[in-house]
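J.: The structure's right below; bear with me while I get my questions together.
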Amino acid sequence: MLLLMSFLLFSCVLFSSSLAINCPIGFDDFNESTCYKIIYERASYLDASTKCGQIGGTLISIHNAIDNAFLLKIINETTWIGLECYSNECQWDDGSGTISNYSNFYGNQIQPSVGNCVTVDSAIGKWLNTPCSSTFNFICERTPIEESCALSYSGFCYNPYTIALSENDAETVCQQECGHLVSIHSFNENSNIRTLFDANLYNYVRIGAKYDETWTDNSSWTYQNIGYKNQNFGLCYSLALTNDVVSVGKWISSKCATLLPFVCKREIGAICGTTPSPTLAPSQCVGPQFGENQGYIYSPDYPYSYFSSNQSQCTYILSTPLNSFTSVVFYDFSFDQYSSIMLYNDIEDMNPFVIFDYFNPPRGSYNSTTNTMKVVFHPRNQNTNNTKYLWSIYYFPTYLNNSVLTTTTTESPFNSTQPSQSTTKIIFTCGPSKYYVPPADIIYPNGVYLPYDQKCYYSISTSFGNRIGITFSTVDLQHSSNITVYDGASTSSSVMLYLDYYSSNGGPRTTTSNHMLIILNTRSRYDGFRAKVTNIN
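Here it is in structure tokens:
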């Protein structure tokens, strides 16, 4: 308990959770509802207005004496404001109306005949009508960003992912949320990264360090904690969560292609640019694609929309080690009404065991009956209409613990009115964590019976800024079995729900971040539950 309290105190000191009103990078607070940026570049009124629009804003508007006084403090020469006057009526460019409530013209005189646009003269502190073709510095304004930052520290947001990706794919994910793989610049920050993951589940976590002592975000190499550096091990770095080859917290050279959990880091208020992110998949399928052991497959041109173009289908052949079944879970699934994706138990199979489309989306994970699976995608999309259509799949082995047992008669743990039925029991170990993206149904057992004394992990993640809701519709636990739901990605997160034989009130509950971890400690082959996870904006 003392250790747990110390950990929580440490986490609170370093990370904070906030829903804050933040100005974008490069902007400063003007008032509670406005951010401003002074542009020290002489431009005509039209050009100034255009340049403000290019950064998401408008020329600044002034609506009271307090804001006007603040404006005079931050300028030191004549500057454009966003006001135009015609026929003795002046309108603010941002659509906030006229100057009927407040104005500060020199001599209280509007003079459109002098000029239809308006400047502020810093020397006299008054507004002046000015020809719009004149050139002056200008001030842009825009609304603040209301940003949910579950884990913030020293002006940055941190987003941990328990999904294992290569360095390149992880960096792509981070760039999509306006960040990069985490760069580390202090002892405290290094220690803080360790707290984001459960060391009982993961040995190493991906960071943005390179062998040549650079960071993927191009920040300066001002701190390092290298435990072992060897280019034969790889040209990327990972951070140790346990005492293994190097001690806890140390960095070790690792292959960039190794699949590891990772952390994204971005500045609070960062705005994504317009440069397209790199794709994880080619735009066209030129033949069967093969995947071994575990990894990811993507729709054509992912993370952008797929198009049918001239291709009739895309085929993916997945294989896992002998004595395992191939399992898949969908991370992204956004389909048009005409495309479909089919899963087959083996390469030679002619009939899919499940078909997904717009009307029948995937829910949870799916297993083949062999150590291979064929995935066939039939794209039919011709026009996205600004909707992004894509999918991504994580595949992994689920290991057999025993051979198929004899057929027996069992009762359904979810419906006492359902008649007994013959079921072929196949005994599995839980294997790696199962991953879900809400909305999804999590069901156990799902035709799978685990041997005595197993731990099953279910990791749920949604988009940054969203939360996850969960409701258990059925809980059937035997003595000594239990379910723990954590408000975060690891067991170091706070417990939001605990269920056992005596307490089975299963919800609803909502996380405070975009991650959730469920652990089933099963002591009986007759345990079962059914839960629904939802995405909450």
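Residue numbers -20 to -1, 1 to 517, in mature numbering (1 follows the signal peptide of the UniProt record, and there is no 0), belong to the letters of the sequence shown in order.
Where is the CB? At the ideal position from N, CA and C, for every residue including glycine.
Per the contact definition of three or more C-beta pairs closer than 8 angstroms, is the region 172 to 184 in contact with the region 267 to 279?
T.: The answer is no - the region 172 to 184 does not touch the region 267 to 279, with fewer than three Cβ pairs under 8 angstroms.
J.: Which residue wins for smallest C-alpha separation from I373, given the options V417, P359, Y203?
T.: Among V417, P359, Y203, the Cα nearest to that of I373 belongs to V417.
J.: By a C-beta neighbour count over all protein chains shown, 10 Å radius and 16 as the cutoff for buried, is V225 buried or exposed?
T.: Flag for V225 reads exposed.
J.: On a CA-only basis, which of G62, C112, L240, Y203 is nearest N183? Give me that one, please.
T.: The residue with the shortest Cα to Cα distance from N183 is L240.
J.: Could you pull the DSSP bridge partners for I373 from this structure?
T.: Answer is I277, F310, bridged to I373.
J.: In angstroms with no decimal places, state the Cα-to-Cα distance between S80 and S200.
T.: Approximately 51 angstroms between the Cα atoms of the pair.
J.: Measuring only between beta-carbons, confirm whether Q269 sits less than 8 angstroms from chain B.
T.: Among the chains of the structure shown, chain B does not appear; only one protein chain is present.
J.: What is the C-beta distance between N117 and Q91, in whole angstroms, given that I count them as a contact (C-beta under 8 angstroms)?
T.: 22 angstroms between Cβ atoms; not a contact.
J.: For the ligand MN, is there any heavy atom lying closer than 7 angstroms to the beta carbon of H495?
T.: No copy of the ligand MN appears in this structure; indeed no ligand is present at all.
J.: For D73, which residues from the same chain have a beta carbon less than 8 angstroms from its beta carbon, with the 5 sequence-adjacent residues on both sides left out?
T.: Hits under 8 angstroms: S29, T38, L39, S41, G62, L63, E64.
J.: Where does P4 land, buried or exposed, given buried means 16+ other C-beta within 10 angstroms?
T.: Per the 10 Å Cβ criterion, buried.
J.: Quick one: measure Cβ to Cβ for L298 and T352, integer angstroms, because I've assumed they're closer than 8 angstroms.
T.: With a Cβ gap of about 7 angstroms, L298 and T352 count as contacting.
J.: Taking the straight line between their C-alpha atoms, what separation do you get for T451 and F333?
T.: Roughly 28 angstroms separates the two Cα atoms.
J.: Mind reading off the beta-carbon distance from T514 to P419? Whole number of angstroms is fine, and I expect it under 8 angstroms.
T.: About 5 angstroms; that satisfies the 8 angstroms criterion.
J.: Taking the continuous alpha helix (DSSP H) assigned at C32, which residues delimit it?
T.: 25 to 34 is the extent of the alpha helix (DSSP H) around C32.
J.: Write down every uninterrupted run of the beta strand (DSSP E) in the region 425 to 488 whose length is 3 residues or greater and which is fully enclosed by it, in chain order.
T.: Complete beta strand (DSSP E) runs here, min 3: 434 to 441, 447 to 456, 462 to 466, 475 to 480.
J.: Using only alpha-carbon positions, find the residue among W195, C244, T378 that is nearest to S443.
T.: Measuring from the Cα of S443, the nearest candidate turns out to be C244.
J.: State the DSSP-derived secondary structure class of I516, mapped to helix, strand or coil.
T.: Three-state DSSP puts I516 in a strand.
J.: Quick one: is K368 buried, meaning 16 or more other Cβ sit within 10 Å of its Cβ, or exposed?
T.: Per the 10 Å Cβ criterion, exposed.
J.: Would you call M322 buried or exposed, if buried means 16 or more other Cβ atoms sit within 10 Å of its Cβ?
T.: M322 should be labelled buried.
J.: Kindly indicate which residue of I248, F242, L215 has the alpha-carbon position closest to the one of I232.
T.: Here the closest residue by C-alpha is L215.
J.: Closest to I206 by C-alpha separation, out of S227, D507, V308, S441, would be which residue?
T.: Looking at the Cα atoms, S227 is the closest of the given residues.
J.: In three-state terms, what does DSSP make of T238?
T.: DSSP places T238 in coil when its eight states are reduced to three.
J.: Between the C-alpha atoms of T403 and S279, what's the straight-line distance to the nearest angstrom?
T.: With a pLDDT of only 29 at T403, under the threshold of 50, the placement of this residue in the model should not be trusted, and no figure is reported.
J.: In three-state DSSP terms, what is L39?
T.: L39: strand per DSSP, three-state reduction.
J.: How about T58 and C70: do their beta carbons lie closer than 8 angstroms?
T.: Result no, Cβ atoms of T58 and C70 do not sit closer than 8 angstroms.
J.: The beta strand (DSSP E) spanning S345 covers which residue range?
T.: First-last of the beta strand (DSSP E) with S345: 345 to 347.
J.: Need the endpoints of the alpha helix (DSSP H) that L215 sits in, please.
T.: L215 -> no alpha helix (DSSP H), and no H or E assigned at all.
J.: Would you mind giving the Cβ-Cβ distance between T350 and D326, rounded to the nearest angstrom? I have them listed as a contact below 8 angstroms.
T.: Confirmed, Cβ separation roughly 5 angstroms.
J.: Would you kindly report the start and end of the unbroken alpha helix (DSSP H) that includes F50?
T.: Where F50 is concerned, the enclosing alpha helix (DSSP H) stretches over 45 to 54.
J.: Cutting at 8 angstroms between CB atoms, please list the residues of its own chain near F213, excluding the five before and the five after it.
T.: The residues are I232, S233, S234, K235.
J.: How close, in whole Å, do the beta carbons of T464 and I423 come, if the pair is a contact with beta carbons under 8 angstroms?
T.: So it is not a contact: roughly 18 angstroms between Cβ atoms.
J.: Which term fits D496, buried or exposed, when burial requires 16 or more other beta carbons within 10 angstroms of its beta carbon?
T.: For clarity, residue 496 is Met in the given sequence; the question names Asp instead. Buried, because 16 or more other Cβ atoms sit within 10 Å of the Cβ of M496.
J.: Is it true that the CB of F242 sits closer than 8 angstroms to the CB of Y141?
T.: Result yes, Cβ atoms of Y141 and F242 sit closer than 8 angstroms.
J.: Grab me the residues of E157's own chain with a C-beta within less than 7 angstroms of its C-beta, minus the 5 sequence neighbours each way, in chain order.
T.: Correct list, in chain order: N139, C244, R246, F444.
J.: Leaving aside the five residues before and after H165 along the sequence, list all residues of the same chain whose C-beta is less than 6 angstroms from its C-beta, in chain order.
T.: Contacts found: T202, Y203.
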